[in-house]
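Just so we're aligned, residue 60 is where the sequence shown starts under the working numbering, counting upward by one.
We put the beta carbon where it would ideally sit given N, CA and C, even for glycine.
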Amino acid sequence: MVSLLEPVLRPIAAVLHSLLTFLFQVSHDWGVALIALTLLVRLALGALNLRTARQYARQHKIKPELMKLREKHQDNPQTLMQETFKLYRHNGVNPLAPFGTALLQMPVFMGMYSMFAAHGSSMTSVLIPWVSTFALADPLHLIPALVGVLTFLVSFIPLLGESEMPAAPFAQRLLLAAVVSIVFTGVMWRAPVALGLYSMSGSLFALLERVFYRLKPGRKLLQKPLPIKQTA
């Protein structure tokens with residue numbers, strides 16, 4: 060699949076490689092440079108992640124009104140759909156926004172894979188001394204295992220606190236987190252170790268993001284109103 064998308068991924072990989080090389084010249088270690096690049100990617104996507112978090116918070120806020128609409132128009136699906144869309148527009152809610160944010164991260168992830176497959180053989184790091192180059196898979200499978208654990212935590216812990224977005228049932232979250240964790244661990248098992256280091260760093264930043272949204276400054280950011288489109 061990566062080879063089929065090579066014309067699209069090549070320019071993304073080139074930009075990522077240039078940034079990583081610059082960060083290596085500053086840090087003198089490819090592993091440290093990769094962690095710094097991961098942070099830059101997370102910061103670049105920060106505005107989108109914040110908007111997604113606000114969408115979740117607003118969807119929870121209008122949930123009582125949505126339930127009333129469903130009860131009122133339960134026998135008229137077309138009217139229910141129209142009124143639901145009006146409610147979403149009035150409150151600046153786009154239920155598809157979280158999916159868009161996730162889709163935007165895929166080209167970056169695949170671009171990373173393409174970059175390390177092409178250039179990883181010349182990269183190494185004191186952070187993972189048991190792997191000779193970034194292009195190789197982790198022979199001890201320590202990085203894939205850590206990726207699996209961190210992916211489980213990110214999937215299991217809700218993005219927002221209970222006051223902004225009540226969590227799904229425990230069993231449901233546990234099952235989803237386990238499935239996602241197993242899939243990611245399987246992907247990383249034979250992938251270039253650098254891709255695992257990137258995913259591990261990204262998961263750590265995602266956990267910090269969850270902590271931030273539970274603190275007062277984070278909750279304050281969530282309460283900032285989204286642009287509201289007036290209904291006709």
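- One Cα belongs to Gly-151, the other to Glu-124, and the distance between them is close to 14 Å.
- The region 98 to 107 and the region 136 to 154 do not touch, with fewer than three beta-carbon pairs separated by less than 8 Å.
- Here His-87 is exposed: its Cβ has fewer than 16 other Cβ atoms, across all protein chains shown, within 10 Å.
- For Phe-215, the closest of Leu-201, Pro-203, Ala-230 by C-alpha to C-alpha distance is Ala-230.
- If you compare the alpha carbons of Leu-233, Leu-201, Leu-102 with that of Met-259, the shortest gap goes to Leu-201.
- Around the C-beta of Ile-94, 16 or more other C-beta atoms lie within 10 Å, and the residue is accordingly described as buried.
- Taken in chain order, the whole alpha helix (DSSP H) runs of length 4 or more contained in the region 161 to 228 are 201 to 215.
- Boundaries of the alpha helix (DSSP H) around Arg-113: 105 to 120.
- Pairing Leu-218 with Tyr-147 gives a Cβ-Cβ distance that is not under 9 Å.
- For Gly-90, the secondary structure class from DSSP, reduced to helix, strand or coil, is helix.
- Excluding the 5 residues flanking it on each side, Phe-211 has same chain C-beta neighbours closer than 6 Å at Ala-236, Ser-240, in chain order.
- Sequence-distant Cβ neighbours of Leu-75 in its own chain, meaning closer than 8 Å and more than five residues away, are Leu-96, Val-167, Gly-170, Met-171, Met-174.
- The shortest CA-to-CA distance from Asn-153 to any of Gln-114, Pro-198, Arg-101 is the one to Gln-114.
- Annotation: Val-252 to Val-208 spans about 16 Å, alpha carbon to alpha carbon.
- Unbroken beta strand (DSSP E) stretches of 3 residues or longer found wholly inside the region 128 to 161: none.
- The residue from His-119, Ala-112, Thr-183 with its alpha-carbon nearest to that of Gly-159 is Ala-112.
- Take Leu-186, set aside five residues on each side of it, and the residues of its chain with a beta-carbon closer than 6 Å to its own are Gly-90, in chain order.
- The Cβ atoms of Glu-268 and Arg-117 do not sit closer than 9 Å to each other.
- In this chain, the alpha helix (DSSP H) harbouring Pro-276 covers 275 to 281.
- The C-beta of Ser-77 has fewer than 16 other C-beta atoms within 10 Å across all chains shown, which makes the residue exposed.
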